[in-house]
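Participant: Here it is, the structure in full.
Protein chains: 2
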Amino acid sequence: MSDIPKRVQFNEEGPREGFQFEKVHYPLRQRAALVDRLSDTGLNRIQVASFVSPRAVPTMADAKDLFAAIKPREGVRYTALWLNKRGFESAAAVPQVTLDPRLLFYTTDGFSIRNNNRSAAEMRDEQADWLDLYRERGLELESAYIMTAFGCNFDGDVPLSAVTDLVVWIRDQCTGRGIGLPQIFLADTVGWANPEDIKRRVGAVRELVPEARIGLHLHDTRGLGAANVYAALEMGVDLFDSSVAGLGGCPFAGHGHATAAGNICTEDMVFLCHEMGIETGVDLDKLIDAACYAEEIIGRPLAGRIMHSGSLNQYRN
Amino acid sequence: MSDIPKRVQFNEEGPREGFQFEKVHYPLRQRAALVDRLSDTGLNRIQVASFVSPRAVPTMADAKDLFAAIKPREGVRYTALWLNKRGFESAAAVPQVTLDPRLLFYTTDGFSIRNNNRSAAEMRDEQADWLDLYRERGLELESAYIMTAFGCNFDGDVPLSAVTDLVVWIRDQCTGRGIGLPQIFLADTVGWANPEDIKRRVGAVRELVPEARIGLHLHDTRGLGAANVYAALEMGVDLFDSSVAGLGGCPFAGHGHATAAGNICTEDMVFLCHEMGIETGVDLDKLIDAACYAEEIIGRPLAGRIMHSGSLNQYRN
Chain A
162 MSDIPKRVQF NEEGPREGFQ FEKVHYPLRQ RAALVDRLSD TGLNRIQVAS
212 FVSPRAVPTM ADAKDLFAAI KPREGVRYTA LWLNKRGFES AAAVPQVTLD
262 PRLLFYTTDG FSIRNNNRSA AEMRDEQADW LDLYRERGLE LESAYIMTAF
312 GCNFDGDVPL SAVTDLVVWI RDQCTGRGIG LPQIFLADTV GWANPEDIKR
362 RVGAVRELVP EARIGLHLHD TRGLGAANVY AALEMGVDLF DSSVAGLGGC
412 PFAGHGHATA AGNICTEDMV FLCHEMGIET GVDLDKLIDA ACYAEEIIGR
462 PLAGRIMHSG SLNQYRN
Chain B
162 MSDIPKRVQF NEEGPREGFQ FEKVHYPLRQ RAALVDRLSD TGLNRIQVAS
212 FVSPRAVPTM ADAKDLFAAI KPREGVRYTA LWLNKRGFES AAAVPQVTLD
262 PRLLFYTTDG FSIRNNNRSA AEMRDEQADW LDLYRERGLE LESAYIMTAF
312 GCNFDGDVPL SAVTDLVVWI RDQCTGRGIG LPQIFLADTV GWANPEDIKR
362 RVGAVRELVP EARIGLHLHD TRGLGAANVY AALEMGVDLF DSSVAGLGGC
412 PFAGHGHATA AGNICTEDMV FLCHEMGIET GVDLDKLIDA ACYAEEIIGR
462 PLAGRIMHSG SLNQYRN
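The listed protein sequences derive, respectively, from chains A and B.
Using my numbering, the first residue of the first sequence is number 162, and each one after it goes up by one.
Using my numbering, the first residue of the second sequence is number 162, and each one after it goes up by one.
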């Protein structure tokens, strides 16, 4: 328990993950206003949009305009997602974007082929090209993401060795090029993780790359998000991706208005940290207001909990 | 971590807690069918209804008829809630009810006075009368509940001593009468608990009454339900109250159709246990079906997660 960190960093992904997943193209003015509200909470890193094919993801077609519409706040980094070189160049051309050079790995062919039309091994080898590209541009690698690091809806359970093999590959690539590996993220892309498995995998990865900061990208798909975060905190993990209001859920086909939960909810996890005496730099009540604004935009109840019950500050003062 | 139990017991409270809280009086036939579906999942203890004033809680006015309508399954205990002697006598007169003699304590006057029109100390002293009544009837005490054991919306943070003082009082009453204290429940009635506090309070109570089985009645009001259950499992706790589909949430006044989360969700927590290799005796997929049926009855999206995403069995086979 003494491993629990004193301070935790939340990377906010709601504006990108939340609106990318929606069918509706919400007004740019509202999406920009949400980013601005989030900037005002103390969150210092916000993923705003994706630079991807407008045919594949029409709701992200105005990514450039969205970046131009936000009011950048000093100390806040506004990041973007890209999946190929073209997307990267588009993002790099937008002055408001903070480029965060990252690598992307898959543990299973099932997921990799459906997402990228390439096997996991092909995707892995391609990451070497990205390392070259980042070096050419004078950009330092920031993070490596291992997707479906806990399980895959196509290929089932993912053995720990599938994760550690990738970590070794990444480590060797970085060592061979004389560059560092600042962060390595394990992503529970489709909600397979449980708290014991979090501990096992975080522990195994840390042994292989003790210098890297370990981050987790978790989803609350099956209700274990908070338990998984707590298990990670017990392991000293101090870096999480999350979404305001739990944005990013998938509509549940069978139940009309019901939704399956998406990313872990930023304000619920900030609350968890604060109650445990962990600093986040975030103003919880302001963040709850931003979550309520996100719900207002989307127009249906979102998955976040504390946004519907309120923080404990109202009872303590 | 070696304290994690091999088997966990879930006491299902959805039929009582879920429908007591609703404004609508749902058809008895549907409520009975839900209980029957739950009986078929392997859950072996189901709280069906409250015997309370029909004026105060009109939706529970047909408690007796509801018990008569269910199809009792062997090995399943169907329990009821009562708040005073009249309610107890009504419950005792219904053959389908399994009486579970319990005591009820409050940590704060704020909550106790609003709920019972009596101070916490008055409520405490009254419990001695219940011990006498149970003895007269030849009933053995089963459990003592400490409400608002983590915090109170009226009186704020609850010091640990408020809990331990009550535990000492209960222990001394039982010892003085030469009776046992089989179970003691800490209830997070209004969603104040965090995982570290769970560990602290469970540890402190266990030191005082090492023979008693500790149970937790938790709510997911602020999104920490799963983290709190996991922390409790790490402490060896193997007894939880929970609600199918997370039934029992409070409608959030400001957002129309949105709801604040209620009790921890049985099927999500059964899933947590199974993924950690802990037995529950529950068929998860049948329970998910029951949760979907509960949602169908209520007619709006309920708080449960895995009921909207499905279990992992579909991907593993």
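The beta-carbon is built from N, C-alpha and C at its ideal position, and this holds for glycine as well.
#1: Quick one: what's A/Asp153 bridged to in DSSP?
#2: Please confirm whether B/Ser211 has its beta-carbon closer than 7 angstroms to some beta-carbon of chain A.
#3: Can you check which of these residues, A/Arg362, A/Ile340 and A/Asp316, is closest to A/Leu327 by C-alpha distance?
#4: Go ahead and pull the three-state DSSP assignment for A/Trp291.
#5: Just checking: is the beta-carbon of A/Ala422 within a distance shorter than 7 angstroms of some beta-carbon in chain B?
#6: Is it the case that the Cβ atoms of A/Pro262 and A/Leu302 are separated by a distance below 7 angstroms?
#7: CA-CA distance, B/Phe182 and A/Ala464?
#8: Which chain A residues are close to B/Asp429, counting only those with a beta carbon under 8 angstroms from its beta carbon?
#9: I need the straight-line Cα distance from A/Arg457 to A/Tyr239, nearest angstrom please.
#10: Taking A/Thr325 as part of the beta strand (DSSP E), name the residues at either end of that continuous run.
#11: Look at the alpha carbon of B/Ala422 and the alpha carbon of B/Arg168, and state the distance between them as a whole number of angstroms.
#12: Are the C-beta atoms of B/Phe413 and some chain A residue less than 7 angstroms apart?
#13: Could you give the uninterrupted runs of the beta strand (DSSP E) lying entirely in the region 240-306 of chain A, keeping only those of 3 residues or more?
#14: Is B/Ser472 helix, strand or coil by DSSP?
#15: Quick one: grab the DSSP three-state call for B/Val318.
#16: With a 10 Å radius around its C-beta and 16 neighbouring C-beta atoms as the bar for buried, classify B/Thr336 as buried or exposed.
#17: Give me, in chain order, the residues of the same chain whose beta-carbon lies closer than 7 angstroms to that of A/Trp330; leave out the 5 immediate sequence neighbours on both sides.
#18: Quick one: residues in its chain with C-beta nearer than 7 angstroms to the C-beta of B/Ser273, no 5 flanking neighbours on either side, listed in chain order?
#19: Considering only residues of the same chain and omitting the five flanking positions on each side of A/Leu445, which have a CB-CB separation below 7 angstroms?
#20: What number of angstroms, rounded off, separates the C-alpha of B/Ala365 from the C-alpha of B/Ala289?
#21: Comparing alpha-carbon positions, which option in B/Val213, B/Glu368 and B/Leu379 lies nearest B/Phe171?
#22: Please name the residues in the region 343-371 of chain A whose beta-carbon is closer than 7 angstroms to at least one beta-carbon of chain B, in chain order.
#23: In terms of residue numbering, what span does the beta strand (DSSP E) encompassing A/Ile345 cover?
#24: If I measure Cβ to Cβ from B/Leu260 and keep anything under 7 angstroms in the same chain, skipping five residues before and after, which residues do I get?
#25: How about B/Phe212 and B/Ala222: are their beta carbons less than 7 angstroms apart?
#26: Where does B/Met396 fall in DSSP's three states?
#27: Rounded C-beta distance between A/Glu178 and A/Arg206? I'm assuming under 8 angstroms.
#28: Quick one: Cα of B/Arg477 to Cα of A/Arg190, how far?
Facilitator: Straight from the coordinates:
#1: Outside the displayed range of chain A (162 to 478) lies residue 153 of chain A, so it cannot be described from this structure.
#2: no
#3: A/Arg362
#4: helix
#5: With respect to chain B, the C-beta atom of A/Ala422 has a partner C-beta closer than 7 angstroms.
#6: yes
#7: 21 angstroms
#8: Arg383, Gly384 and Leu385
#9: Before going on, a small fix: residue 457 of chain A reads as Glu here, not Arg. If you take the alpha carbons of A/Glu457 and A/Tyr239, they lie about 23 angstroms apart.
#10: Not the beta strand (DSSP E): A/Thr325 falls in the alpha helix (DSSP H), residues Leu321 to Arg338.
#11: 26 angstroms
#12: Here B/Phe413 scores only 42 on pLDDT, less than 50, and its place in the model is too uncertain to base an answer on.
#13: 263-267
#14: In the structure shown, B/Ser472 sits in coil (DSSP, three-state: anything other than H, G, I, E or B).
#15: The amino acid at residue 318 of chain B is misidentified as Val; the sequence shows Asp. If DSSP states are grouped into helix, strand and coil, B/Asp318 belongs with the strands.
#16: exposed
#17: Arg285
#18: Tyr267, Arg279, Ser280, Ala281 and Met284
#19: Counting only Cβ-Cβ distances below 7 angstroms, and skipping sequence neighbours, we find Glu428, Val431, Phe432, His435 and Ser472.
#20: 23 angstroms
#21: B/Leu379
#22: Gly352, Trp353, Asn355, Pro356 and Glu357
#23: Gln344 to Ala348
#24: Ala252, Ala253 and Leu300
#25: no
#26: coil
#27: Actually they do not touch by this definition, with Cβ atoms about 14 angstroms apart.
#28: 44 angstroms
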